[in-house]
Amino acid sequence: MELITCVTVTHERREMQSRRRQMLDPIACLAIGLAFTFGCTQEQPAEPEPDGCSLGSVQPSPLRRLTNAQYFNSLRDLFTTLDGQTLAVLEPPVSDQLISPETLWLPDEQTVAGYAGNASGQVVSPVLVERYSQNAIDVAAEVGERIDEFLDCELEADPHGCGLAYLEHLAQRAWRRPLTEDERAALELAFIDDLAQWSALVAAQLGVQMIVQSPYFLYLPELALGEAPEQDGVAGCSMIPLSNYEMAARLSYFLWNTTPDAWLLDQAAAGELDTRESVAAVAAQMLESPHYVEGALTFHAEWLRLDRIGGYRRNVLGSEQLDDAVQVPLLREQARQFLGPIVAQPGRQFAEILTSTQVPMHGAIAQLYGVEGLSPTEDVWIEVELPADQRAGVLTLAGHLSAHATETRANPVRRGVFVLDRLLCAEPPPPPLDIDTSVVEGQGSDGTPITNRERYAAHTDNDGCRDCHAAIDPFGFAFEHYNAAGVYWTQESWAGDDPNLIEWLEVDASGVLDGALVPEPLRGSSFANAVELLHLLADSPEVHACYVEHLVRYALGRGLGSGSDEVDQQLVDQLAQDFYESGGVLDSLVLAIVTSEPFMHRTEVAP
Amino acid sequence: MSLQRRRFLTALGLTAGSLVLPSLARRDRLVRASPTGMPKRLIVMFTAHGCVHSAWRMRPNAEPEDVDFEFELGPLGEDQFSTVLAPLHRHREQLLVVDGLSMVSAYLDPNAAEPHAQGHLSALTGSGNDDADGEPRAAGASIDQIVAQHIGCPDRLASLELGMGLTVNPISYSGPRVPLPVELSPARVWGRVFGLSQAGDEQLAPLYAGQASVLDRVDQHYAALAPALSGEDRLKLEQHRELVRELELRFAGLQALECGAVPPPDSGLELDYEARHQAMVSLLSHALSCDATRVASILHTTMPGELCGLPGQDLHNDYAHYARSDPQAIATMITYGTVHANHMAMLMDALAAIPEGDGTLLDNTLVVWVSELGNGEHAFETWPVVIGGGGNFTNWRLGRYLRIAPSTPALTEGWQTAGLHEADWPNDLAGTPHQKLLVSIARAFGVSEHVGLSSVTTHDGTQIDLTGELEGLI
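Going down the list, the protein sequences come from chains A and B.
Number 607 marks the last residue of the first sequence (our numbering); no jumps.
Number 1474 marks the last residue of the second sequence (our numbering); no jumps.
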């Protein structure tokens, strides 16, 4: 009986795996030593030291819960029918605004620096637990309605052979590992209990409800549950290699943002995820999967704060307006479509994110870019080449620009802070609380027009502000050619008391990088506008290094240890150097991260 | 453990398939009730940008700023109310306006976040910032949650966190660094409160009936997994487990809810602001009246410009930030306050329209309107507080305006000069620490612990005591 493609790990296979792991172990250790990072040295001492597998030790990996997206993606993949259909309750809502109580939902997540997967920010609330419960019921309800599409056996005629077997397969898929004997017995006992009270269908449905509310599904515990006892940790070694199944889960949620599929669990069952070489080989195949676009986009959307593109309108004097129902969602979609091929296709380079002018365009937003000939009502995306003297990469798309603006004006502070935080990993501290942060009025003291740049420059021209704003403002002012709607302009609009009397003022977007927050090598660099600045940043080793830091944090779901003696910092430094020197090839970096020591190991659990 | 629990549930009639209301929980409910036998409730209404104090305060006899005074609101005509508070005039006998508090500890927090985040995390918790990997978080529980944990029924929703705009900064914390998510959609709120009792699909009945034993099995997974983990991880799972166990009780209780037919709102976020607020208020008053919950917060973020007659305008950046300096901005932020005063008045209307005991639901519901800040220019001074209702159990004398003159030692040079309080406030003193209000609220609900920080140090080393109740309420 073939229910769904599931992994069955037989007893013998597990023993083989265990033997194989023991045999491979010294090789694995050597392989790590050969790595470009740190770790076991090639010259192993004759007598391995207690901590023989590492020079330092990895930071503890806090227990991670599935992010909302990972949770929904996992449910989607776990409950695919025999002919590949997904559940209707998992269909995405029609729009951001029309939230229907009929589809599954979870409360908004608390993110850390924009990242939902950072374990230190993940908290549980009553409503979250309620929703896990209600979602489980709704999934079970639809599975029940369509049970013939999930099973090719007779449930009522053979409850155990059909229903219980389905639940065992499902639990293995959902929990991403083989079941322990105790778990198998508990599953059976519960099924028998339910059969005494309900039909076989209901018993199966209640089993589904339980499996997807279990902490083994909702969390990513790394305790080698259900697997042969680990033999390969060196006694007293604080760094423990992840089991094959745990590696499968880490890889899957990092690269695909969803649960491991049957193939990946097969790789784990076959012991293919316990050496750098084999992990690299499996990961390379994973990058070719269509799931990888989604996984890579998840990181880039969080890194670039695409979540901020939404829920606002823009109303620029004498220029375009943005409405929150149609255009702003399209701007977010545009950013995703722009990034998709760059971040997921093999061999693409980091610099393209910041400089490419190949942009997907939709008629309803084309006017913002001065692109003509597209129907505003036709729902079609076409690829256009934007003028290279006006636009460069994702930060010059109207989504990013309008998200970092007020309703009416460009906000150079938010735009500048964004560059420092996301591209240079140098987020400025919040303004001191005893400082007046309001921006000066839109006209000079004698009533003459002043530009947006002049307004903002004046409000930080004092001792308390200058330290940070010396760094923030040049980055922010560089984007003054783009108004709050993201429209490129060389003259900005200004009006006094009568909004119908518009004056047009020359925009100055030039600048020189300065301030202690700016990495030393970049200080003193000058540029005429954002396009020049972005090309400068796209070629900067510091910007490459910051990108690596963001990606490593994302991959590990935690903050990084800092200081030069830290394993994390050494990893980031080494990866960044290789990344920059090899031309910023994005998929090579991803493979280097998944084969690094922090990604392949955990720390011992102190009892 | 789990077996024992099973027995306990069986004793309560709470095992699979049974929807009997647990009598124990009902008794407990009465214990935590007001003297009239009705449950006590708390609603916190939370708004952005403080107030334009000159248009919020009342000085009927041109009282000076440096003396304490109070007066009855009853005899005042609507035109004698302040501009901002005028919409609340019809509820004046049920109001207690408190003028003279400030968030001193938020300002002096050595780990302060940016002012909006700092204000949101400090206002209801009285705590400082204890960030999670750089993300601002309150170091303690918020007053609404402290009260909810004390008076909530185990088989009902402890609290509802309602929101009126995209939430950037949470205000409610169930514990240190544990912010609660905010719900913006009335349809989803309906689902949480009334969905279980009004689910009619017979085919699904077994799935709901079986959920109690499902949760019991899930609980066993948590019981097995948590001890295998250490430190924070174990704590996290134990918290999750506790919530699963609470859900077991709540699930049965909400299924048995008798609220009459409350129609589901036919929409979510596409409603305009006022319609959505009305829907939220209606759901909330229903939920309180049938004891589905006893505590709620309504978080208003910056409202859209059209509510102040400025469609398409950015009230936060272009108006609130000039709320002390620019005449047009001041006028707009006065309107802004008026619109919110009207929101509070509508909330009180809804509560007052539901009879309960000898009075109305409003008599058994303490409504507290506070803000993230003192004013739109990021001050923590002139923190506006309007209290409404709750007369049956608070012992607070309603129908009054209470002015407490600033008496807290000067904080810094900056506090005096950098736009942190109104120009005509005494320059060398700050308002009464806002923890005292939080403590008074706690006492009104029978909570004896302190709320938030107990002291804070000024830049010159002076200790400011933050303990004790706010004097003058009773």
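Quick reminder that beta carbons are idealized off the backbone N, C-alpha and C, glycines included.
Among all the DSSP beta bridges, which residues are the ones paired with leucine 1157 of chain B?
-> B/Thr1293
Which residues bound the alpha helix (DSSP H) around methionine 1346 of chain B?
-> 1327-1352
Counting pairs of Cβ atoms below 8 angstroms between the stretch 1375-1392 of chain B and the stretch 1047-1060 of chain B, do you hit three or more?
-> yes
Burial state of serine 1407 of chain B, where buried means 16 or more other Cβ atoms lie within 10 Å = exposed
Can you name the residues that DSSP bridges to glutamine 358 of chain A?
-> According to DSSP, glutamine 358 of chain A bridges with A/Glu385.
Mapping DSSP to helix, strand and coil, what is tyrosine 621 of chain A?
-> There is simply no residue 621 of chain A to check, as chain A begins at 1 and stops at 607 in what is shown.
State the start and end residues of the unbroken beta strand (DSSP E) segment that holds threonine 1457 of chain B.
-> Start and end: 1455-1457.
Under 8 angstroms between C-beta atoms, does leucine 1466 of chain B make it to chain A?
-> no
Would you say aspartate 1460 of chain B faces chain A, with C-beta separation under 8 angstroms as the test?
-> Answer no: the Cβ-Cβ gap between aspartate 1460 of chain B and chain A never drops below 8 angstroms.
Outcome for isoleucine 137 of chain A when other beta-carbon atoms lying within 10 angstroms are tallied against a minimum of 16 = buried
What residues in its chain sit with their C-beta under 8 angstroms from that of glutamate 1238 of chain B, if we drop five residues either side in the sequence?
-> Tyr1222, Ala1226
In whole angstroms, what separates the C-alpha of glutamine 1313 of chain B from that of glutamate 1306 of chain B?
-> Rounded to whole angstroms, glutamine 1313 of chain B to glutamate 1306 of chain B spans 8 angstroms at the Cα level.
State the Cα-Cα distance for the pair glutamine 1004 of chain B and glutamate 1246 of chain B, rounded to the nearest angstrom.
-> Low per-residue confidence applies at glutamine 1004 of chain B: pLDDT is 36, beneath 50, and the placement is therefore not dependable enough to give any value.
For isoleucine 365 of chain A, does the count of other Cβ atoms within 10 angstroms reach 16, so buried, or fall short, so exposed?
-> buried
Since glycine 583 of chain A is in the alpha helix (DSSP H), which residue starts that stretch and which ends it?
-> Segment: none, glycine 583 of chain A is in no alpha helix (DSSP H) and carries neither H nor E.
Anything in chain A within Cβ reach of tyrosine 1208 of chain B, meaning under 9 angstroms, just list it in chain order.
-> For the C-beta of tyrosine 1208 of chain B, the chain A residues within less than 9 angstroms are, from N- to C-terminus, Ile137.
Roughly how many angstroms separate the alpha carbons of glutamate 1356 of chain B and aspartate 1291 of chain B, rounded to a whole number?
-> So the alpha carbons of these two residues sit roughly 12 angstroms apart.
Since I believe alanine 495 of chain A is in contact with leucine 317 of chain A (beta carbons under 8 angstroms), could you give me their beta-carbon distance rounded to a whole number of angstroms?
-> 6 angstroms
Name the residues in the stretch 114-132 of chain A whose C-beta lies less than 8 angstroms from a C-beta of chain B; which are they?
-> Asn118, Ser120, Gly121, Gln122, Val123, Val124, Ser125, Pro126, Val127, Leu128, Val129, Glu130
Indicate, with yes or no, if the ligand FMN has a heavy atom lying under 7 angstroms from the CB of phenylalanine 599 of chain A.
-> Inclusion of the ligand FMN in the displayed structure is not the case, the ligand content being empty and no account of it being possible.
Cross-strand partners of alanine 1430 of chain B (DSSP beta bridge) = B/Thr1408
Does any CB atom of chain A fall closer than 8 angstroms to the CB of asparagine 1061 of chain B?
-> no
C-beta neighbour in chain B for tyrosine 608 of chain A, strict 8 angstroms = No answer is possible for residue 608 of chain A: it lies beyond the span of chain A, which begins at 1 and ends at 607.
8 angstroms contact criterion, which leucine 1347 of chain B and valine 1367 of chain B should meet: CB distance rounded | 6 angstroms
Name the residue from A/Leu423, A/Ser402, A/Ala270 whose alpha carbon lies nearest to the alpha carbon of arginine 308 of chain A.
-> Taking only the C-alpha atoms, the option nearest arginine 308 of chain A is A/Ser402.
Using the Cα positions of alanine 249 of chain A and glycine 1126 of chain B, report the straight-line distance between them to the nearest angstrom.
-> 41 angstroms
Check whether leucine 1402 of chain B and aspartate 1099 of chain B have beta carbons under 8 angstroms apart = yes
Is there at least one Cβ from chain A nearer than 8 angstroms to glycine 1253 of chain B's Cβ?
-> no
Distance, histidine 362 of chain A Cα to glutamate 581 of chain A Cα | 37 angstroms
Evaluate histidine 469 of chain A with the Cβ neighbour count: other Cβ atoms within 10 Å of its Cβ, from every protein chain shown; 16 or more gives buried, anything less gives exposed.
-> buried
N-terminal and C-terminal residue of the alpha helix (DSSP H) that isoleucine 211 of chain A is part of | 200-211
Quick one: which chain A residues come within Cβ less than 7 angstroms of aspartate 1233 of chain B?
-> Pro62, Leu63
If you measure from the beta carbon of glycine 1312 of chain B to each beta carbon in chain A, is any gap under 8 angstroms?
-> yes
Across which residues does DSSP place glutamate 503 of chain A in a beta bridge pair?
-> DSSP lists A/Trp494 as partners of glutamate 503 of chain A.
What residues in its chain sit with their C-beta under 8 angstroms from that of proline 429 of chain A, if we drop five residues either side in the sequence?
-> Cys468
Per-residue DSSP class, three states only, for histidine 601 of chain A = strand
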